[in-house]
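Under this note's numbering, the first residue of the sequence shown is numbered 0, with each subsequent residue one higher.
Don't be surprised by glycine CBs; every beta carbon is placed ideally from N, CA and C.
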Amino acid sequence: MRDIKYGLNPVEFPPVAAHRASVQAYDQAGLDFVTYWDQHCLTIPRSLWTPDICPAAEMFHIDAWLEPWPLLTDAAIHTDNIRLGLSASDVTRRTPDVLAQLALTLDHYSEGRFFLALGAGEVKQCTPYGIARDKPFGRLEETLKLLKLWFNTDEPVDYDGTFYKVKAGGISTPAFTKGGPPLLVAGGPGKAMRYAAQLADGWVSYFPGSDAQSYAEEVGEFDRLAAEVGKNGDDMTKLMLFAVVLGDTEEDVAEMLKNPIIRWDSAALIPGGHTWKKHGLINPLGEDFSYPRDLYPMEWTREDAMKIVDQITPDMVRHFKFCGTPEQVAKMIQPFVEAGANHVMLGDYGSLVMAGDMGSAVDGSRRLAECFDHLRRLNGQPTKLAAAVN
0 MRDIKYGLNP VEFPPVAAHR ASVQAYDQAG LDFVTYWDQH CLTIPRSLWT PDICPAAEMF
60 HIDAWLEPWP LLTDAAIHTD NIRLGLSASD VTRRTPDVLA QLALTLDHYS EGRFFLALGA
120 GEVKQCTPYG IARDKPFGRL EETLKLLKLW FNTDEPVDYD GTFYKVKAGG ISTPAFTKGG
180 PPLLVAGGPG KAMRYAAQLA DGWVSYFPGS DAQSYAEEVG EFDRLAAEVG KNGDDMTKLM
240 LFAVVLGDTE EDVAEMLKNP IIRWDSAALI PGGHTWKKHG LINPLGEDFS YPRDLYPMEW
300 TREDAMKIVD QITPDMVRHF KFCGTPEQVA KMIQPFVEAG ANHVMLGDYG SLVMAGDMGS
360 AVDGSRRLAE CFDHLRRLNG QPTKLAAAVN
């Protein structure tokens, strides 16, 4: 039996008490991990985030994100067992020395339960704020190297890089975890995967970027890259984030897929045009559109956003999100587990956009717990989450 881990995002919107309640509930229910986003805004235009389209707009503002590092500290203080991750932060807005000190501090607060995923970042977190997203993969490589240096010594270090030239730079906070908190890299095949395999401790990837067969091939390449530097890929984290739409019945799901926000994100939150081409489709945002490089959600008016939405049918959404009952979605995810994913994280768009009151939010949590328990059964693991939520 493989020890598959299961995780979610906690509440990251005000009030802080809602965040604390969510992460404590997950901890008490026995969820394995939670991860936090590090961002100013989501991919959804605020012009669409209104009560007439999205009942959840009555509960929170889609761009009112709380800073993740204080939330992680709060979670570390108020939970006992659940692992706490930041996935992902970027290396454009936070320099290596700042990331090192923050990560080592969280390593202590959490008593070894913290992990940090880094990525190349997105223009929506940088350009609108006057920050250049300049050569992000080069910065990512150097940041990973520096973090590993600082995690493994309390002595000052020297580093002569292209972007960072460190001379006797010490981050002397001792690591709580030997070797420091685990580092993951978020991204697709290519540079991100290579850095994840060779400079970090694991890889974060995303459906709908790959189908299960492609993902199995990518895992094989990841393991090969890890072996080049003497690592065993089987011992490394392979975290897969799945965009899902969960409902109690197929009729409920079909109704959710009409929602403009779910349809918008099926166009916007896609790694690149090649993903559409695999299904014989054309992305209405452009054949070469890539959300990390091209998406500025705050600029979109409702009129312009709806022109994109009108080109996305509910059937098209099913190509880019796993949609169905908890049991159906678990069966869709299982081939990725068999292909090598050992950490499964769900992002449920049904809960995100349809939760207009606490009752519907609780129903969303129940469906997620049921989906995880179905996955546990498929992988020979004991079920526990649904009973804890109900």
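Nearest-angstrom beta carbon gap, residue j and residue i [assumed within contact, 8 Å]
i    : j    : result
A55  : S109 : That pair is no contact at about 29 Å.
T78  : V22  : 6 Å
V218 : A338 : 6 Å
G6   : D37  : Not confirmed; about 16 Å, so no contact.
Residue interval of the alpha helix (DSSP H) (run including residue i)
i    : result
L103 : P95 to Y108
H18  : V15 to A28
Y163 : Premise fails: Y163 is in no alpha helix (DSSP H) and is neither H nor E.
F136 : P135 to F150
V122 : V122 -> no alpha helix (DSSP H), and no H or E assigned at all.
H318 : P313 to F319
D73  : P67 to H77
Buried or exposed by the 16-neighbour rule on C-beta atoms within 10 Å, applied to residue i
i    : result
T161 : exposed
I281 : exposed
S86  : buried
Q124 : buried
K164 : exposed
V184 : buried
D26  : buried
E250 : exposed
G84  : buried
N8   : buried
K237 : buried
E140 : buried
D372 : buried
Distance between residue j and residue i (C-alpha atoms, nearest Å)
i    : j    : result
L105 : H39  : 21 Å
E66  : F241 : 23 Å
A99  : K147 : 9 Å
A131 : Q380 : 46 Å
Y295 : T42  : 8 Å
K383 : M305 : 41 Å
H60  : V33  : 21 Å
A116 : R93  : 13 Å
D200 : P95  : 17 Å
I3   : E369 : 16 Å
L224 : Q212 : 19 Å
D133 : N341 : 33 Å
P283 : N151 : 48 Å
A266 : G118 : 21 Å
Endpoints, beta strand (DSSP E) assigned at residue i
i    : result
R82  : R82 to D89
F113 : F113 to G118
G179 : Premise fails: G179 is in no beta strand (DSSP E) and is neither H nor E.
Near the ligand NAP: residue i beta-carbon under 6 Å from a heavy atom
i    : result
A131 : The ligand NAP is absent from the structure shown, which contains no ligands of any kind.
#### Entry: Cβ pair count under 8 Å reaching 3, the stretch 232 to 247 against the stretch 162 to 178
no
#### Entry: the stretch 88 to 108 contacting the stretch 59 to 73, beta-carbon criterion three pairs below 8 Å
yes
### Query
Would you call the stretch 240 to 260 and the stretch 338 to 357 in contact, with 3 or more CB pairs under 8 Å?
By the C-beta criterion, the stretch 240 to 260 is judged to be in contact with the stretch 338 to 357, since at least 3 inter-stretch pairs fall below 8 Å.
### Task
May I ask you to verify whether the stretch 202 to 216 touches the stretch 310 to 322, counting CB pairs closer than 8 Å and requiring at least 3?
They touch, by the three-pair rule.
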